[in-house]
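Residue numbers (the numbering used here): 1126 to 1490.
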């Protein structure tokens, strides 16, 4: 039996927790013993590395920098999963990829971004694309959908470009119908956005059409009746909000961020406010249309079942590989010893990625 240590920065466990739960199921008990380590300190990371035979590092951030510098990790099977924000920071340049067996990306464009900084990345480490997955059987399509009710599901920050959402709403309300409502599920992570959104909505005379729910714990109730899932983000990896909205039968209306064309049908994408307006006002809800959005998620393999199977293949490969031989230790990164590399709790440093909830809260990303 091999021991898998799932290691993650505390507060950033939203995406990894469903995977951990899958491998805790009885069918994997004979092959694997699983532990989760959601860490605050370097010492906790080091202890996790020492315990596991297979090390799964969630996020290529401070935790992965520290873990890859631990001497013991050279004897382990190691997977690092990189989502999105890490690709825009310098973390990937600080990780010793010679100590990692697989670097997993959630989308091809994220790998391409990292390769702009590390052109020979694939010579240093084997890379894989494993998209995020939904428990599709646990998600029921909406019985009723309305194009008038638009879901905007995200924590509000600069990456989500909320000003664009309000521009779209101004156009919809004043050029088409006052029936349109924007339902915002997510917290304002910067007070400047809260002040701006409330101010500009009044100036546009659409304040009654913007409904704020804050952080929503029970997302199943929130999704009911909505007919559009709107995303105005300028950068994403493989976001769950769009996936879940589509799985419930909402029409995706997605701003064409870099990489979006590699993820979604072009019929889901818009470049301008006018294009978004046209997509929403042209929406016709026939049963076959609603079903097609959900089927698109299934056809693309964006399910928990498929995600689990792909990670199991990696785990099985690492479990079957001969143990790594002892070799002369390289100089361990000084930061691990002297504390200059510090793990900051996710909710403090990367608020747009930190949610403490599990299945329902994961969507507000």
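Heads up, the beta-carbon is just placed ideally off N, CA and C, and yes, glycines get one too.
{"Asked": "Residue 1307 versus 1225, 1299, 1333, residue with shortest Cα-Cα distance", "Found": "1333"}
{"Asked": "Segments assigned alpha helix (DSSP H), at least 4 residues, entirely inside the stretch 1154-1212", "Found": "1167-1176, 1187-1193"}
{"Asked": "Whole-angstrom distance between residue 1273 and residue 1351, CA atom to CA atom", "Found": "8 Å"}
{"Asked": "Beta-carbon proximity list for residue 1304, same chain, < 7 Å, skipping 5 on both sides", "Found": "1273"}
{"Asked": "Host alpha helix (DSSP H) of residue 1337 (start-end)", "Found": "Run containing residue 1337: none in the alpha helix (DSSP H); it sits in the beta strand (DSSP E), 1335-1339."}
{"Asked": "Neighbourhood of residue 1394 by C-beta distance below 8 Å, restricted to the same chain and skipping five residues each side", "Found": "1379, 1380, 1381, 1385, 1386"}
{"Asked": "Own chain residues within Cβ distance below 8 Å of residue 1254, not counting five before or after", "Found": "1229, 1230, 1231, 1232, 1233, 1236"}
{"Asked": "Residue 1348 beta carbon near the ligand ATP (any heavy atom closer than 7 Å)", "Found": "Absence of the ligand ATP is noted for the structure shown, with no ligands found whatsoever."}
{"Asked": "Residues sharing a beta bridge with residue 1356, DSSP", "Found": "1379"}
{"Asked": "Expected contact under 8 Å - CB spacing of residue 1419 and residue 1266 to nearest Å", "Found": "6 Å"}
{"Asked": "Three-state class that DSSP yields for residue 1305 in the structure shown", "Found": "coil"}
{"Asked": "Residue 1253, DSSP secondary structure in three states", "Found": "strand"}
{"Asked": "Reference residue 1184; option with closest CA among 1147, 1224, 1138", "Found": "1138"}
{"Asked": "Bounding residues of the beta strand (DSSP E) (the contiguous stretch that carries residue 1274)", "Found": "1270-1278"}
{"Asked": "Coil, strand or helix - residue 1314 by DSSP", "Found": "coil"}
{"Asked": "Residue 1336 and residue 1309 closer than 8 Å at C-beta", "Found": "yes"}
{"Asked": "Closest Cα partner of residue 1295 within the set 1282, 1342, 1329, 1181", "Found": "1329"}
{"Asked": "With 16 other Cβ atoms within 10 Å as the buried cut-off, status of residue 1181", "Found": "buried"}
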